[in-house]
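Number of protein chains: 2
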Amino acid sequence: MSKPTLKSVAKALGVSTATISNAFNRPDQLSVALREKILSACTELGYDGPNKAAQSLRKGSSGIVAVILSDSLEYMVSDPVASQFLQGVARELERQQKHLLLFSGNSTNLDTITDFVDGFICYGAPRNLGLIGQLRQCKKRVLTVDFDLPGRPSVNIDNEQAAYDSAVAVLKPDDVVAVLGLRLIDALDSRPVADAPMWDNLSSVSHRRLDGYQRAMGELGLTLADDALWHIPESNQHFAEVAAKAVLSQSPRPTVLLCMSDLIALSAMRVALQLGLQIPEQLRVVGFDGIEETLRYHPTLSSVWQFSDKKGEAAARAFQSGLDDNQLLPYELRLGESS
Amino acid sequence: MSKPTLKSVAKALGVSTATISNAFNRPDQLSVALREKILSACTELGYDGPNKAAQSLRKGSSGIVAVILSDSLEYMVSDPVASQFLQGVARELERQQKHLLLFSGNSTNLDTITDFVDGFICYGAPRNLGLIGQLRQCKKRVLTVDFDLPGRPSVNIDNEQAAYDSAVAVLKPDDVVAVLGLRLIDALDSRPVADAPMWDNLSSVSHRRLDGYQRAMGELGLTLADDALWHIPESNQHFAEVAAKAVLSQSPRPTVLLCMSDLIALSAMRVALQLGLQIPEQLRVVGFDGIEETLRYHPTLSSVWQFSDKKGEAAARAFQSGLDDNQLLPYELRLGESS
DNA sequence: ACTACCAACTTAATGCATTAAGATATATGA
DNA sequence: TCATATATCTTAATGCATTAAGTTGGTAGT
Chain W
1 MSKPTLKSVA
11 KALGVSTATI
21 SNAFNRPDQL
31 SVALREKILS
41 ACTELGYDGP
51 NKAAQSLRKG
61 SSGIVAVILS
71 DSLEYMVSDP
81 VASQFLQGVA
91 RELERQQKHL
101 LLFSGNSTNL
111 DTITDFVDGF
121 ICYGAPRNLG
131 LIGQLRQCKK
141 RVLTVDFDLP
151 GRPSVNIDNE
161 QAAYDSAVAV
171 LKPDDVVAVL
181 GLRLIDALDS
191 RPVADAPMWD
201 NLSSVSHRRL
211 DGYQRAMGEL
221 GLTLADDALW
231 HIPESNQHFA
241 EVAAKAVLSQ
251 SPRPTVLLCM
261 SDLIALSAMR
271 VALQLGLQIP
281 EQLRVVGFDG
291 IEETLRYHPT
301 LSSVWQFSDK
311 KGEAAARAFQ
321 SGLDDNQLLP
331 YELRLGESS
Chain V
1 MSKPTLKSVA
11 KALGVSTATI
21 SNAFNRPDQL
31 SVALREKILS
41 ACTELGYDGP
51 NKAAQSLRKG
61 SSGIVAVILS
71 DSLEYMVSDP
81 VASQFLQGVA
91 RELERQQKHL
101 LLFSGNSTNL
111 DTITDFVDGF
121 ICYGAPRNLG
131 LIGQLRQCKK
141 RVLTVDFDLP
151 GRPSVNIDNE
161 QAAYDSAVAV
171 LKPDDVVAVL
181 GLRLIDALDS
191 RPVADAPMWD
201 NLSSVSHRRL
211 DGYQRAMGEL
221 GLTLADDALW
231 HIPESNQHFA
241 EVAAKAVLSQ
251 SPRPTVLLCM
261 SDLIALSAMR
271 VALQLGLQIP
281 EQLRVVGFDG
291 IEETLRYHPT
301 LSSVWQFSDK
311 KGEAAARAFQ
321 SGLDDNQLLP
331 YELRLGESS
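Residue numbers (full-length UniProt numbering), protein chains in the order written: chain W, 1 to 339; chain V, 1 to 339.
Here is the structure:
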């Protein structure tokens with residue numbers, strides 16, 4: 001005997017398919033007695049509700065939400081900030097009884113899943129820029145986080161202001177400043193930005209932060225040397241150390257490092273300590289993100305805390321709400337021993 | 001004008017729907033000329049291939065694979081071992097052009113997604129035991145990792161032997177042994193197992209490891225005191241520290257700690273050092289799993305490395321292969337400064 | 001010239017369910 | 001008692017595509 005369907009159950013009970021469907025979806029459309037009879041007959045027959053794939057085809061919604069990560073899943077799951085975000089999304093989605101589908105930002109084709117999902121939460125601009133065009137045209141709901149798409153709802157923090165605040169808190173009038181930036185240009189290794197063209201699409205967050213740093217520096221009359229603005233392709237130990245070593249061996253040696261992620265800042269501090277530098281006496285460091293790990297190391301890191309898990313929850317809630325506004329979440333500047 | 005469908009495209013071109021379908025799915029069924037005409041007409045019309053939801057309904061497969069985690073997504077994403085595993089799965093799935101849906105082991109109902117996916121990769125027995133029954137009866141492909149379901153393919157390591165090996169490597173004839181076990185009984189806090197009933201379903205891995213420890217101890221004539229076998233509900237710092245503190249203040253004080261995860265072992269070492277104990281002189285510690293973090297701390301941890309990312313890849317490959325065997329993956333005992 | 005076969009399409013059944021609109025019967029109110 | 005409203009169920013159109021089986025025209029072989 002094959003798997004029972006709505007139709008076969010209906011026939012077995014001598015009622016119409018509409019009634020069975022209503023028994024599951026609109027209890028007010030039939031008598032209580034019949035409904036109970038149907039429901040118990042269903043368990044009897046091993047029918048556990050309408051087929052979700054058919055339902056999804058008919059209703060046009062599945063209860064599955066895709067989260068598009070900026071990079072490969074691989075990288076994302078190992079990044080503390082991204083996985084915090086994912087935790088938040090997961091928590092809220094569980095509350096909503098929805099399902100989470102992970103989608104890599106390296107993928108080329110959105111429409112391998114578009115039909116399956118209720119929409120997309122995009123965490124950071126996808127590495128494959130082709131996806132952006134597809135997202136723009138997508139008929140389904142699209143919500144962006146940490147970047148913007150015209151006409152689409154978004155969840156962000158005020159990166160410019162946050163970066164400004166962090167710089168103001170750490171800078172002094174006579175400082176030599178270096179910036180360890182994240183994904184500023186289109187290069188796969190750590191290197192000074194110099195005159196390479198800025199990578200507009202992928203890095204709006206980074207550029208805002210840079211603007212903030214520069215506003216703060218401007219107010220103090222400080223300028224950023226050409227070779228003191230570095231591009232780091234991925235927020236990890238290796239790439240950060242390369243940049244930190246280079247920057248800290250320049251002369252005049254920087255007295256302040258403005259870092260666009262905590263992981264970068266942490267690595268930079270390690271390098272500095274290895275070079276025998278005193279923190280914060282000879283070098284002050286400020287990070288960005290706010291991750292638990294910075295609390296376990298000494299000196300503890302001054303940083304902008306942006307509570308990625310809350311951001312994830314907010315994103316999932318905003319996705320569900322149907323509202324199309326651009327949300328700005330609060331952040332918090334927390335000073336540690338590094339400044 | 002509404003979204004184009006296979007039917008509307010067919011009408012526009014004056015051919016049958018079967019032909020359009022074949023143009024996408026079975027190119028050998030129509031002439032090259034017509035196919036190209038159709039394909040270009042499709043881009044013209046903004047039709048980007050057959051609707052996946054309908055396709056899934058018809059074909060009965062979607063290209064989506066669900067990974068059922070043992071706990072909440074929240075916990076899983078933050079656990080280094082689980083996220084390593086997830087990375088591996090994601091990597092292999094990307095290769096196969098399949099999609100990854102994350103499913104919490106706390107969920108009550110499998111059939112909210114069964115119809116959407118091609119099957120399930122279960123990473124550890126789900127915390128909600130009700131799911132196990134549902135998985136047993138599930139018509140779709142089910143592959144288990146780190147536990148077994150009768151008649152289903154699985155991916156494991158030989159936990160008993162691995163635990164045995166690790167214990168043999170660290171134990172000496174006059175040792176006082178304590179075991180910090182993971183999820184041995186049904187309790188939400190850290191506590192001695194004592195005479196609580198073992199939690200069979202959820203902890204097969206842990207029980208195998210315990211068997212391995214005990215075999216090794218038996219060969220050396222060592223026994224495990226009643227209050228020296230501890231249950232830890234979750235592999236995290238807090239629960240591990242509670243157990244470690246308790247065990248290390250017993251007398252006679254243990255000279256060896258057999259820990260069922262590296263996170264537990266790491267926390268235990270921290271506690272030991274705080275108590276002023278010398279490692280490995282006064283206390284030897286061995287862990288389980290193999291995570292990068294243990295290489296950054298001193299003393300470095302002796303542990304069983306099980307390469308969770310490879311396990312993830314193997315699981316995704318085995319899922320795809322259709323083979324129904326029970327795979328045993330290699331592990332590696334790596335000795336560090338802790339023993 | 002006739003059969004056989006192939007290439008290239010089409011027909012129509014099928015997968016599983018939702019839902020607006022229609023049909024009955026029973027109850028309500030004046 | 002008659003018209004109207006309500007509760008309860010059914011009919012049938014619809015969502016979008018896959019695929020086995022059928023049709024047609026043409027080529028090849030003898």
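Each residue gets a CB set at the ideal place from its N, CA and C atoms; glycine is no exception.
Computed from a prediction, not measured in an experiment: that's the story for all the values here.
Reference residue i; option with closest CA among the options
{"i": "K310/V", "options": "R91/V, A265/V, L30/V", "result": "R91/V"}
{"i": "H99/V", "options": "G119/V, N109/V, T108/V, A82/V", "result": "G119/V"}
{"i": "A196/W", "options": "D165/W, F103/W, D211/W, H231/W", "result": "H231/W"}
{"i": "A162/W", "options": "W199/W, L184/W, A216/W, D189/W", "result": "A216/W"}
{"i": "S302/W", "options": "G290/W, L129/W, A12/W", "result": "G290/W"}
{"i": "Q250/W", "options": "A225/W, F239/W, V9/W", "result": "A225/W"}
{"i": "I121/W", "options": "L110/W, V170/W, V142/W", "result": "V142/W"}
{"i": "S56/W", "options": "I279/V, T114/V, T17/V", "result": "T114/V"}
{"i": "V170/W", "options": "L93/W, V89/W, D48/W, L335/W", "result": "L335/W"}
{"i": "K7/V", "options": "N51/V, Q29/V, L182/V, G212/V", "result": "N51/V"}
{"i": "A240/V", "options": "Y47/V, D324/V, V271/V", "result": "V271/V"}
{"i": "L283/V", "options": "G218/V, G322/V, A265/V", "result": "A265/V"}
{"i": "S190/W", "options": "D174/W, G218/W, N236/W, P153/W", "result": "N236/W"}
{"i": "L45/V", "options": "V205/V, P4/V, E36/V", "result": "P4/V"}
{"i": "Y297/V", "options": "A318/V, S267/V, V304/V, G312/V", "result": "S267/V"}
Own chain, CB closer than 6 Å to residue i, minus 5 neighbours either side, in chain order
{"i": "D227/W", "result": "P192"}
{"i": "V176/V", "result": "P252, P254, T255"}
{"i": "D165/V", "result": "L333"}
{"i": "R208/W", "result": "N159, E160"}
{"i": "V81/W", "result": "D289, S308"}
{"i": "A41/W", "result": "L13"}
{"i": "N22/V", "result": "Q29, L30"}
Beta-carbon proximity list for residue i, same chain, < 7 Å, skipping 5 on both sides
{"i": "D70/W", "result": "The sequence given here places Ser at residue 70/W; Asp does not occur at that position. For S70/W, where only same-chain residues beyond five positions count, the Cβ hits under 7 Å are G105, Y123, G124, A125, P126, R127."}
{"i": "A314/V", "result": "V155, Q327, L329"}
{"i": "N25/V", "result": "none"}
{"i": "V77/W", "result": "S83"}
{"i": "Q188/W", "result": "It is Leu, not Gln, that sits at residue 188/W in the sequence shown. Around L188/W: P233."}
{"i": "I20/V", "result": "L6, V9, A10, I38"}
Which residues DSSP lists as bridging residue i, in chain order
{"i": "I64/W", "result": "H99/W"}
{"i": "G119/V", "result": "V65/V, R141/V"}
{"i": "H231/W", "result": "G181/W, R191/W"}
{"i": "V285/W", "result": "L257/W"}
{"i": "residue 346/W", "result": "One cannot answer for residue 346/W here, as it falls past the ends of chain W, which runs 1 to 339."}
{"i": "V304/W", "result": "F288/W, L333/W"}
{"i": "Q327/W", "result": "V155/W"}
{"i": "M198/W", "result": "I185/W"}
Residues of its chain near residue i, where Cβ-Cβ distance is below 8 Å and the 5 sequence neighbours each way are ignored
{"i": "S61/V", "result": "D118"}
{"i": "I132/W", "result": "A125, P126, L149, N201"}
{"i": "residue 426/V", "result": "There is no way to answer for residue 426/V, as the model of chain V reaches only from 1 to 339."}
{"i": "Q96/V", "result": "A316, Q320"}
{"i": "P27/V", "result": "R35"}
query: Going along the stretch 66 to 77 of chain W in order, which residues come within less than 8 Å of chain V, judged by CB to CB distance?
result: S72, L73, E74, V77
message: Tell me which residues of the stretch 184 to 212 of chain V have at least one Cβ-Cβ distance to chain W shorter than 9 Å, keeping chain order.
response: none
query: Of all the residues that make up the stretch 79 to 99 of chain W, which are near chain V by a beta-carbon distance shorter than 7 Å?
result: S83, L86, Q87, A90, R91, E94, H99
query: For the stretch 110 to 126 of chain V, which residues have a beta carbon sitting closer than 8 Å to at least one beta carbon of chain W?
result: D111, T112, I113, T114, D115, F116
- request: Enumerate, from N- to C-terminal direction, the unbroken alpha helix (DSSP H) stretches of 4 or more residues contained entirely within the stretch 5 to 64 of chain W.
  value: 6 to 13, 17 to 25, 32 to 45, 52 to 59
- request: With 7 Å as the limit, tell me which residues of the UniProt domain "HTH lacI-type" (4 to 59) of chain V have their beta carbon closer than that to any beta carbon of chain W; keep them in chain order.
  value: D48, G49, N51, K52, A53, A54, S56, L57
- prompt: When you check each C-beta in the stretch 287 to 310 of chain V against every C-beta of chain W, which residues fall closer than 8 Å?
  reply: none
field: Cβ-based contacts, 8 Å cut-off: residues of the stretch 128 to 147 of chain W near chain V
entry: Those would be K139, in chain order.
message: Taking beta-carbon pairs under 7 Å, can you tell me which members of the stretch 231 to 260 of chain V lie near chain W?
response: none
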